[in-house]
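Engineer: The sequence shown begins at 440 in the numbering used here and counts up by one.
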Amino acid sequence: MTTYVVSAKRWARGWELHIEGVGVTQVRSLSSAEATAREYIAFALDLDDEHAFEIDVVPELAPELTREIRDARERTKRAALMQREAAAQQRELAKKLHRDGLAGREIAALLEVTPQRVSQILGKPVRKLGNPRVS
Numbered sequence: 440m441t442t443y444v445v446s447a448k449r450w451a452r453g454w455e456l457h458i459e460g461v462g463v464t465q466v467r468s469l470s471s472a473e474a475t476a477r478e479y480i481a482f483a484l485d486l487d488d489e490h491a492f493e494i495d496v497v498p499e500l501a502p503e504l505t506r507e508i509r510d511a512r513e514r515t516k517r518a519a520l521m522q523r524e525a526a527a528q529q530r531e532l533a534k535k536l537h538r539d540g541l542a543g544r545e546i547a548a549l550l551e552v553t554p555q556r557v558s559q560i561l562g563k564p565v566r567k568l569g570n571p572r573v574s
């Protein structure tokens, strides 16, 4: 999939968007840069689908700020990935503990989640402590 790099340069009335290989447009707010660039590219290149390509908006700021922004974005992406991996591990562990005969409330206590979360993971109501295992 094609990615268009959009250099966003501040000016008195907002941001100038320099779209690599396509042209230049403007927006008042950086928050609308991606949507405006997407629309501009689709119109300029006569494309039917505004989502047939990727957009990478790169604001031009002081180099130190740019590095900090890039670092913060990367850390956020890594944290989100680690969160997904931890959630998958937790789901698998809850299932293993359940197969091993632990009650839902015990699993919840071990994993430090609510019994309702264990119920969601297992796809059935949580068994209370002391109840015999029902298969």
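Yeah, the Cβ is synthetic: ideal placement off N, Cα and C, and Gly gets one too.
Here the structure is a predicted model, which is why all the values come from computation and not from measurement.
1. Assuming contact is defined by CB atoms lying nearer than 8 Å, are A472 and L456 in contact in what I supplied?
2. By the three-class DSSP mapping on this structure, what secondary structure does K448 have?
3. State buried or exposed for H490, treating a residue as buried only when at least 16 other CB atoms are found within 10 Å of its CB.
4. Quick one: what's T464 bridged to in DSSP?
5. What first and last residue would you give for the beta strand (DSSP E) that runs through E493?
6. Tell me whether the region 479–493 and the region 520–538 touch, counting them as touching only if at least three CB pairs, one residue from each stretch, are closer than 8 Å.
7. Report back the beta-carbon spacing between D495 and T442 to the nearest angstrom; my notes put them in contact at under 8 Å.
8. Drop a sphere of 10 angstroms on the beta-carbon of V573, count the other beta-carbons inside from all chains shown, and report buried for 16 or more, exposed for fewer.
Structural biologist: This is what the structure holds:
1. yes
2. strand
3. exposed
4. L456
5. 493–498
6. no
7. 6 Å
8. Reliability of the predicted coordinates at V573 is poor, the pLDDT of 49 falling under 50, and no value is obtained from them.
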